[in-house]
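**Student:**
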Amino acid sequence: MHTHDYVIVGAGSAGCVLAARLSEDPDVRVALIEAGGPDTAPEIHIPAAFARLFKTELDWDLASGPEPGLGGRHTYLPRGKVLGGSSSINAMIYMRGNRADYDGWAAAGATGWSYAEVLPYFRRSEDNQRGEDEFHGVGGPLTVSDSRSNHPLVTAFIEAGVQAGHRHNDDFNGESQLGVGRFQLTQRDGMRCSASLAYLHPALERPNLTVLSPARAHRVVFDGGRATGVEVERGGAVEVVRADREVILSAGVYESPKLLMLSGIGPAAALSGFGIEVVRDLPVGQGLQDHYMPLLNFRTDVESLLTAETPENVALLQNEGRGPLTCNIGEAGGFFHSRDGLDAPDVQLHMAPVLFHQDGLGPVTEHGFALGPCVLTPTSRGEVTLASPRPDAAPRILHNYLTTAEDRDRVVRALRIALDVVAQNALTEVITGPFDVPDAHSDAELLAFAQRSGQTLYHPTSTCAIGSVVDPELRVLDTAGLRVVDASVFPTVPRGNTNAPVIMAAEKAADLILGRG
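Okay, here's the thing in structure tokens:
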């Protein structure tokens, strides 16, 4: 039996931040439990290679159930099973979301989570190569940089967006999200800067930080209503890692609710059906949201990333940290209003200077590019439930993508925005034909295309949300010594990519745990 002050489950983005911040005090003993192994695979660090990590031992390789809004189609859900979690296999886009997201959370009861209150944590986390200003910080662990790829197809996309009447935006994390431009990235010298590299690796030599990896958490152990440890399996043996102060679940949007339910915290009727003793009856796993993205793919006669992996480009990446292999695939995009009268954007577009289809698993044998529009504020809600009381069983996941009339209408509008950009001269001059696009552009045909060609944008949230499962300090309701810190606590999915918000939330949680303002 091992005893620590804090036991953190999951070395993803949130877990890495918490392990680093909590262990800054040499008198505090911290244990970090991670099911995956070290982040040493070369594909992790080469930005353009991230899709090669899909369906490997570094991927939880999850799948949804048959999605009713997609004609019963199952969707592939990659999640990082490695130090750094999904920050070690993602597209490295640094995006905070919109001021309206956080102000909306606060207005709905998430006290302390307004934009003005979370902005200092975004700024504290980052070391932005552009320097410090009202919105950005320097000196933080997470390197935030401009793309070093600057692919000509991306330049053509931005020019086309401006031709379509959208403003050129060089900072989506500044005053306004609206417009088209290149994304800033979590890269350092042209290579991936995951939460593991930014936060965990510098802390690994601390004698008060213990990393248990690989180790699978089975359940939270309680003494009465207080969490006192985590049952863990590693090396074929089961042991309890004790927590004198708190257990913190940072296992992600799918695994954190699963662990709570295996521990007796969740919908009572569902837990009883599996013979699990109910500790607390809470709507764990309910309210799942995600960004769903149909993908338009076009052929081109401009050299894409298909031929980027040459000895010369490998040397350029390794020796100078630049060149096409620094491309994060989703190099650029934009934010848009799908209709008049909106206070904040409700559509985001991602552009990749290479074909990207079949969940990123489809063969790439010719030059092309992809455009992926998504609805930022979906009204569809899904759920994560248990499939089995066994800890090694994957949970049941149902997103309910496109099951509301509003989401179906807006995904059609999002596709029209993308198609309007594609119709501009800057892109028509480089497009040689369709690869996978709608045959016609009626609402019904665009919706059918969206249902057929779409995939997760890797932004699941809200399965242990503030107000329903945890309080604004991320403590599980009606328990003691137990918090959840990851994207599952978000009341709604932010307008944008979710890695930066998770890091922000963990920075804020560290202060909450330590009693700092």
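Residue numbers are given in numbering that gives the first Met the number 0: position 66 of the sequence shown equals residue 65, and the series is strictly consecutive. Think of the CB as a built atom: it goes at the ideal place given N, C-alpha and C, for glycine as much as any other residue.
1. Can you pull the DSSP bridge partners for Gly349?
2. For His366 and Leu304, what's the separation of their Cα atoms in angstroms?
3. Compute the distance between the beta-carbons of Val29 and Val8, then report whether it is under 9 Å.
4. Please list the segments of the beta strand (DSSP E) lying wholly inside the segment 157–184, counting only runs of 3 or more residues, in order along the chain.
5. Taking the beta carbon of Thr39 as the centre, do at least 16 other beta carbons fall within 10 Å, making it buried, or is it exposed?
6. Is the distance from the Cβ of Leu259 to the Cβ of Val220 below 9 Å?
7. Please look up how many angstroms separate the CB atoms of Ala202 and Ser22, rounded, as I've assumed it's under 8 Å.
8. For Arg244, which option in Glu232, Trp59 and Ala226 has the closest C-alpha, if you only look at C-alpha atoms?
9. So what's Ile396 in DSSP terms, helix, strand or just coil?
10. Give every residue of the same chain whose Cβ lies closer than 7 Å to the Cβ of Glu302, excluding the five residues on either side of it in the sequence, and list them in chain order.
11. Is it the case that the Cβ atoms of Leu522 and Phe335 are separated by a distance below 9 Å?
12. Within the continuous alpha helix (DSSP H) that includes Arg321, where are the two ends?
13. Tell me the DSSP secondary structure of Pro433 in three-state form.
14. Just curious, the beta strand (DSSP E) that Phe273 is in, first and last residue?
15. Buried or exposed: where does Leu208 fall if 16 or more other Cβ atoms within 10 Å of its Cβ makes it buried?
16. I think Gly189 touches Thr325, with their Cβ atoms under 8 Å apart; what is that distance to the nearest whole Å?
17. Would you call the segment 116–130 in contact with the segment 501–515, where contact means no fewer than 3 C-beta pairs closer than 8 Å?
18. In terms of alpha-carbon separation, which member of Asn172, Asp406 and Val501 lies closest to Ser193?
19. Since Arg28 is in the alpha helix (DSSP H), which residue starts that stretch and which ends it?
20. What does DSSP give as the partner residue(s) for Phe503 in the beta ladder?
21. Report yes or no: do three or more beta-carbon pairs, one from the segment 409–428 and one from the segment 159–167, lie closer than 8 Å?
22. Thinking just about the alpha-carbon of each residue, which of Ile430, Gly228, Ser441 and Ser249 is nearest to the one in Arg241?
23. Please report the straight-line C-alpha distance between Gly138 and Asp126, rounded to a whole angstrom.
24. Going by C-alpha to C-alpha distance, which of Ser144, Asn172, Arg181 and Asn168 sits closest to Val153?
25. Among residues of its own chain, excluding the 5 on either side of Val210, which ones have a beta-carbon nearer than 6 Å to its beta-carbon?
26. If you draw a straight line from the C-alpha of Thr289 to the C-alpha of Tyr101, how long is it?
27. For Pro206, which of Arg412, Ala18, Gly340 and Arg409 has the nearest alpha-carbon?
28. So what's Phe448 in DSSP terms, helix, strand or just coil?
29. If you reduce the DSSP assignment to three classes, tell me which class Ser144 lands in.
30. Note down the Cα distance separating Gly381 from Leu76, rounded to an integer number of angstroms.
31. Using 8 Å as the threshold, is the segment 467–475 in touch with the segment 56–70, meaning 3 or more CB pairs across them?
32. How close, in whole Å, do the beta carbons of Phe273 and Leu385 come, if the pair is a contact with beta carbons under 8 Å?
33. Taking the alpha carbon of Ile247 as the point to measure from, which residue in Asn498, Asn496, Phe489 and Ala13 has its own alpha carbon closest?
34. Is the beta carbon of Val411 sitting closer than 9 Å to the one on Leu456?
35. For the candidate residues Ala392, Asn172, Leu401 and Pro437, whose alpha-carbon lies nearest to that of Leu370?
36. Identify every residue that forms a DSSP beta bridge with Arg225.
**Tutor:** Based on what the coordinates show:
1. Inspection of the sequence shows that residue 349 is occupied by His rather than by Gly. Paired residue(s): Gly332 and Gly371.
2. 8 Å
3. no
4. 178–181
5. exposed
6. no
7. 6 Å
8. Ala226
9. strand
10. His366
11. Residue coverage of the chain in this structure runs from 0 to 516, which leaves residue 522 outside it and unanswerable.
12. Arg321 -> no alpha helix (DSSP H), and no H or E assigned at all.
13. strand
14. That residue, Phe273, is in no beta strand (DSSP E); it is neither H nor E in DSSP.
15. buried
16. 4 Å
17. yes
18. Val501
19. Premise fails: Arg28 is in no alpha helix (DSSP H) and is neither H nor E.
20. Residue identity check: residue 503 is Met in the sequence provided, not Phe. Answer is none; Met503 lacks a bridge partner.
21. yes
22. Gly228
23. 5 Å
24. Arg181
25. Leu31
26. Checking the sequence, you will find Asp at residue 289 rather than Thr. So the alpha carbons of these two residues sit roughly 17 Å apart.
27. Ala18
28. helix
29. strand
30. 14 Å
31. no
32. 6 Å
33. Ala13
34. no
35. Pro437
36. Asp222 and Ala479
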